[in-house]
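Residue numbers (UniProt numbering): 1 to 456.
The beta carbon of each residue, even a glycine, is placed where N, CA and C say it ideally should be.
Since this is a predicted model, take the numbers as computed values, not measurements.
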């Protein structure tokens with residue numbers, strides 16, 4: 001057994017990844033600097049994907065624009081750009097290249113190919129990200145809450161001895177043997193060609209059982225005992241977590257806020273499946289990650305009908321921001337005092353630990369999170385990103401339809417002004433001058449508010 005382990009370790013040490021130019025497919029074409037550009041966009045793209053084709057298209061356009069600004073289209077896949085990459089400015093004007101007709105066609109085809117690859121790369125990883133996160137139940141506050149509400153308090157089960165062996169020594173002892181046996185056997189147990197491209201779970205478990213059987217009795221007994229000890233510790237931790245109350249520490253609350261979007265989204269989807277109803281939820285209060293500033297979290301489920309189907313916050317974004325989120329903010333200002341907000345603050349180092357990965361190079365999507373929108377009603381962003389750190393009267397989920405909704409609201413305002421003027425004229429009031437002054441005042445307010453929305 002020891003001899004087999006030494007051979008497996010030797011194979012694992014000598015194994016090297018195939019160079020890009022020698023690979024038979026494009027599965028890892030973005031590996032390297034290209035991946036460093038695309039990876040921060042996965043959470044926000046996931047959110048855009050859930051909000052419909054228009055949001056996905058707009059966000060993908062933004063990602064492709066950044067990609068081509070940082071990495072030249074002339075580089076082939078196996079060539080890496082000069083590092084470090086320059087900082088990306090989304091508001092800069094790209095340089096115009098002087099190309100002949102043939103080069104222009106080559107550039108267009110190359111960019112179209114890269115854009116398609118970027119879309120597939122992001123969509124594959126977004127779908128994987130949208131799967132339910134299998135987080136340790138003893139550390140997931142929402143799993144603990146659901147367990148309490150449902151009355152299901154099932155502690156984790158103990159691993160079998162061979163599973164404990166996989167848990168402790170998979171990379172060093174089992175993975176090399178699995179790889180070697182998989183490559184050596186082109187046929188499955190029934191004599192048929194294998195359909196899977198990589199070892200599946202039953203195959204890995206089979207190899208682990210065989211290697212476990214070759215261990216000495218003392219090693220097997222030790223693994224069994226460690227499996228029991230791990231299970232007992234997990235049960236103790238789980239029981240303590242189920243009995244304990246929610247933590248009020250700022251870093252713990254921030255982790256709950258970061259996980260709130262996926263948690264509530266799953267519940268709203270389930271409610272919709274069982275009832276057929278659409279829904280949205282708004283949460284607000286001091287955010288530890290933002291130095292105790294009062295912000296709102298919006299989660300919506302269900303779209304309307306039509307070619308540009310959208311969720312409720314997207315349907316009329318300016319109106320939703322004004323009549324829902326701003327109204328909610330006014331209430332929150334009366335619910336949280338400055339002294340209480342100060343107690344919710346996190347130190348800069350704690351903010352970095354509690355926060356999700358952040359893309360600071362993107363002013364239109366600086367948080368880089370997914371699933372929900374953090375709203376701050378003092379400025380406006382016209383991006384289609386998932387979360388907004390801008391000080392704006394914006395709900396970024398709905399910004400793709402902002403021009404249409406603004407035009408609709410202007411029409412409504414004009415109709416209201418005409419009705420008011422006609423009503424006052426019929427009532428014999430002092431008439432047109434007062435109406436004109438009122439209209440000018442209203443227009444001035446609207447213009448001031450619109451100007452404020454453009455500040456970031």
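Separation of residue 84 and residue 107 (C-alpha to C-alpha, rounded to the nearest whole angstrom) is 24 Å.
In the three-state DSSP reduction, residue 115 falls in the helix class (H, G or I). Pairing residue 247 with residue 253, the inter-Cα distance amounts to about 7 Å. For residue 296, the secondary structure class from DSSP, reduced to helix, strand or coil, is strand. In the three-state scheme derived from DSSP, where H, G and I count as helix and E and B as strand, residue 303 is classed as strand. By DSSP's assignment, residue 311 forms a beta bridge with 303. Just so you know, the alpha carbons of residue 175 and residue 100 end up roughly 53 Å apart. In this model, residue 67 and residue 34 are separated by some 8 Å (Cα to Cα).
Residue state for residue 92 is assigned as coil, using DSSP reduced to three classes. Comparing C-alpha distances from residue 74 to each of 287, 111 and 32 shows the shortest one belongs to 111. Excluding five sequence positions before and after residue 263, the CB atoms of its chain that fall closer than 8 Å to its own CB belong to 142, given in chain order. Distance from the CA atom of residue 60 to the CA atom of residue 314, rounded to whole angstroms, is 18 Å.
For residue 202, the enclosing alpha helix (DSSP H) covers residues 201 to 213. Residue 128 carries a helical assignment under DSSP once its states are collapsed to helix, strand and coil. Counting the other Cβ atoms within 10 Å of the Cβ of residue 96 gives fewer than 16, which makes it exposed.
Proximity to residue 282 across 55, 27 and 295 peaks at 295, based on C-alpha coordinates. Shown here, residue 317 sits in a helix according to DSSP, grouped into three states.
Shown here for residue 303: same chain residues with a beta carbon closer than 7 Å to its own, the five before and five after excluded, namely 52, 309, 310 and 311 in chain order.
For residue 47, the closest alpha carbon among the candidates 305, 274 and 299 is that of 299. For residue 178, the secondary structure class from DSSP, reduced to helix, strand or coil, is helix. DSSP, reduced to helix, strand and coil, places residue 276 outside both helices and strands of the structure shown, so it counts as coil.
About 27 Å separates the Cβ atoms of residue 288 and residue 317, ruling out a contact at the 8 Å cut-off. By the neighbour-count criterion, in which a residue is buried when 16 or more other Cβ atoms sit within 10 angstroms of its Cβ, residue 164 is buried.
Comparing C-alpha distances from residue 241 to each of 146, 18, 125 and 168 shows the shortest one belongs to 146.
Judged by DSSP in its simplified three-state form, residue 30 adopts coil rather than helix or strand. Spatial neighbours of residue 166 in its own chain (CB-CB distance under 7 Å, excluding positions within 5 residues in sequence) are listed in chain order as 174 and 208. For residue 223, the enclosing alpha helix (DSSP H) covers residues 217 to 243. Between the C-alpha atoms of residue 271 and residue 277 there is a straight-line separation of about 7 Å. Beta-carbon to beta-carbon, residue 225 and residue 212 are separated by about 14 Å, too far to satisfy the 8 Å threshold. When DSSP assignments are scanned along the stretch 249 to 274, the uninterrupted stretches of alpha helix (DSSP H) that are 4 or more residues long and fall wholly within it turn out to be 250 to 258. Just so you know, the alpha carbons of residue 266 and residue 42 end up roughly 19 Å apart. Here the alpha carbon of residue 183 sits roughly 13 Å from the alpha carbon of residue 204.
In this structure, the CA atom of residue 78 is about 8 Å from the CA atom of residue 29.
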